[in-house]
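Peer 1:
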Amino acid sequence: MRALCKTAPKAGFEFCEVPVPNLGPTDVLIRVEKAGICGSDLHIYSWDKWAQSRIKPPLVMGHEFMGRVAAVGEAVRMVSVGDRVSGEGHIADGTCFLCRTGQAHLCENLKIIGVDRDGAFAEYIALPEYNVWKLDPAIPDEFAAVFDPLGNAVHTVMAAGVSVKSVLITGVGSIGLMAIPVARAAGASAVYAVDVNPAKLELAKKLGADETFLATDPQIVEKIRARTHGDGADVLLEMSGNPQALDMGLRAVRKGGCVALLGIPSESITIDLADRVIFKGLTLLGINGRRMFETWYQTEALVRSGRVDLKPIITHVLPFEEFERGFDLMRSGEAAKIVLDLKGIS
Ligand SMILES: [Zn+2]
Ligand SMILES: [Zn+2]
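Quick look at the structure:
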């Protein structure tokens, strides 16, 4: 089958012919129809320090996808051939302490498709039945293809708890953008967004942000306070991984507020723990992946309700062959979310 692979420890991806994955008794073979390009794919494509330490080529790339079940192992019960599905790309072992206490998203032996094992930028992907998510017919293919990052946004918003609260989002890449309608649908009383890219802030407004601020604005903290009775935002969703954004966000959140951290700093960073966190009585939450499968049920419910519309975020749907254009568009900051169409390939 045709697949987009990292074939050697250097920048770039290339098409290659690889065998269709073998199926164990509890595995499901999925014909991939649409697949999202993620920021982490760009890191792997560019072959940065993180990618060099984590990725062992040769590897089929991609972890955000939807498609149709093409075959099932003999013990599979939950899906059948022809079902439209997406999948949780974090594969837990099911046996460690975390898995056995309802925290499989933090599994000690987690394997991620397109990172630790072959991914979804291919004609077919095999997944354990447990990881397959049968799609509601009301959910469009493009949305279903990005349930993975949308799930990150949902997990972050739901963990922080935003009902009738003012929410500041630092970093509106695709997941930060997705968090805006999610926070709205979850009952946020106000949503503010900060980013370095004015085009992303325009999108943020379209998606329901009350107000947006360029990251270079030195008055953001004062402006947020002025809009929140002088207190600061109730909730900070940090989605940039940028140390300055985090520091600003910690200053802009109110005493006793909640901070959910999803953005990943590229190296160790320093924060003034005493003044920014301890004396303010903040609650800090690290967010990783999606809760299996609570987040998936929430994500489906939000999309089905019609209140989380990803159309403005999915700026490009490109043929699989044009993946390089996709990565160029991502790097330039021109695109929010790019979805590749794999339907025609063989
Ligand atoms: Zn991703
Ligand atoms: Zn585990």
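Residue numbering for the sequence shown follows this note's numbering, beginning at 4 and increasing consecutively.
From the three backbone atoms N, C-alpha and C, an ideal C-beta is built for every residue, glycine too.
Whose CA, out of G117, I172, K346, I227, lies closest to the CA of I40?
Peer 2: I40 has its Cα closest to that of G117, out of G117, I172, K346, I227.
Peer 1: What three-state label does DSSP hand E337 in the structure shown?
Peer 2: Here E337 sits in coil by DSSP.
Peer 1: Taking only heavy atoms of ligand 1 into account, decide whether any of them is closer than 7 Å to the Cβ of G8.
Peer 2: Note on residue identity: the sequence assigns Cys, not Gly, to residue 8. C8: no, Cβ never under 7 Å from ligand 1.
Peer 1: Take V1 and list the residues in its own chain whose beta-carbon comes closer than 6 Å to its own, dropping the five residues that flank it on each side.
Peer 2: Lying outside 4 to 349, the shown extent of the chain, residue 1 is not represented and no answer is given.
Peer 1: List the endpoints of the continuous alpha helix (DSSP H) containing M161.
Peer 2: Run containing M161: 150-163, per the alpha helix (DSSP H) assignment.
Peer 1: Does DSSP put D331 in a helix, in a strand, or in coil?
Peer 2: Of the three classes helix, strand and coil, the one that applies to D331 here is helix, per DSSP.
Peer 1: Among P60, L265, E36, whose alpha-carbon lies nearest the alpha-carbon of E17?
Peer 2: Ranking the options by Cα distance to E17, first place goes to P60.
Peer 1: Considering only the alpha carbon of each residue, which of N245, G266, V262, G235 lies closest to A255?
Peer 2: Of the candidates N245, G266, V262, G235, the one whose C-alpha sits nearest the C-alpha of A255 is G235.
Peer 1: Please name the residue, chosen from T29, A339, N155, I183, that lies closest to N200 on a Cα-to-Cα basis.
Peer 2: Measuring from the Cα of N200, the nearest candidate turns out to be A339.
Peer 1: For the pair the segment 159-173 and the segment 105-120, tell me if three or more CB-CB distances fall below 8 Å.
Peer 2: As far as the Cβ criterion goes, the segment 159-173 does not touch the segment 105-120, which means the pair count is below three.
Peer 1: For E241, does the three-state DSSP call read helix, strand or coil?
Peer 2: If DSSP states are grouped into helix, strand and coil, E241 belongs with the strands.
Peer 1: Which of helix, strand or coil does DSSP assign to A14?
Peer 2: Note: A14 maps to coil in three-state DSSP.
Peer 1: If I measure Cβ to Cβ from G85 and keep anything under 7 Å in the same chain, skipping five residues before and after, which residues do I get?
Peer 2: For G85, where only same-chain residues beyond five positions count, the Cβ hits under 7 Å are R71, V72.
Peer 1: With respect to 7 Å, is the separation between the Cβ of N134 and the closest non-hydrogen atom of ligand 2 below this value?
Peer 2: False, no ligand heavy atom lies under 7 Å from that Cβ.
Peer 1: From what residue to what residue does the alpha helix (DSSP H) around G179 run?
Peer 2: Segment 177-188, the alpha helix (DSSP H) holding G179.
Peer 1: Report the residue ranges of all alpha helix (DSSP H) runs contained in full by the segment 110-153; include only those spanning at least 4 residues, in chain order.
Peer 2: Entirely contained in the segment 110-153, the alpha helix (DSSP H) runs reaching 4 residues are, in chain order, 144-148.
Peer 1: Straight-line CA distance for V23 to A182?
Peer 2: Answer to the nearest angstrom: the Cα atoms are 36 Å apart.
Peer 1: What is the C-beta distance between L240 and I274, in whole angstroms, given that I count them as a contact (C-beta under 8 Å)?
Peer 2: Not confirmed; about 17 Å, so no contact.
Peer 1: Report the partner residues of I40 according to the DSSP bridge assignment.
Peer 2: I341.
Peer 1: Using C-beta distances below 7 Å, list every residue in its chain close to I348, excluding the 5 sequence neighbours before and after it, in chain order.
Peer 2: Closer than 7 Å at Cβ, skipping near neighbours: R5, E126, F323.
Peer 1: Less than 7 Å between the CB of E67 and some heavy atom of ligand 1, yes or no?
Peer 2: Yes, the beta carbon of E67 sits closer than 7 Å to at least one heavy atom of ligand 1.
Peer 1: From G27 to A74, what does the alpha carbon distance come to, in whole angstroms?
Peer 2: G27 and A74: Cα-Cα distance of roughly 11 Å.
Peer 1: Quick one: Cα of F146 to Cα of Q301, how far?
Peer 2: Taking the straight line from one Cα to the other gives about 14 Å.
Peer 1: Grab the span of the beta strand (DSSP E) containing M69 for me, first residue to last.
Peer 2: Element bounds for M69: 67-75.
Peer 1: Give the C-beta separation of W136 and F150 to the nearest angstrom, bearing in mind that I take them to be a contact with Cβ-Cβ under 8 Å.
Peer 2: Correct: roughly 7 Å between the Cβ atoms.
Peer 1: Since R87 contacts L153 with CB under 8 Å, what's their CB separation in whole angstroms?
Peer 2: R87 to L153, Cβ: 17 Å. No contact.
Peer 1: Run through DSSP, which three-state label would D86 get?
Peer 2: Note: D86 maps to coil in three-state DSSP.
Peer 1: What does a CB cutoff of less than 6 Å around L62 pick up in its chain, not counting 5 residues either side in sequence?
Peer 2: The answer, listed in chain order, is K9.
Peer 1: Does the Cβ-Cβ distance between S243 and T173 come in under 8 Å?
Peer 2: Contact: yes.
Peer 1: Counting pairs of beta carbons, one from the segment 95-109 and one from the segment 48-55, are three or more of them closer than 8 Å?
Peer 2: Output reads no: the segment 48-55 does not touch the segment 95-109.
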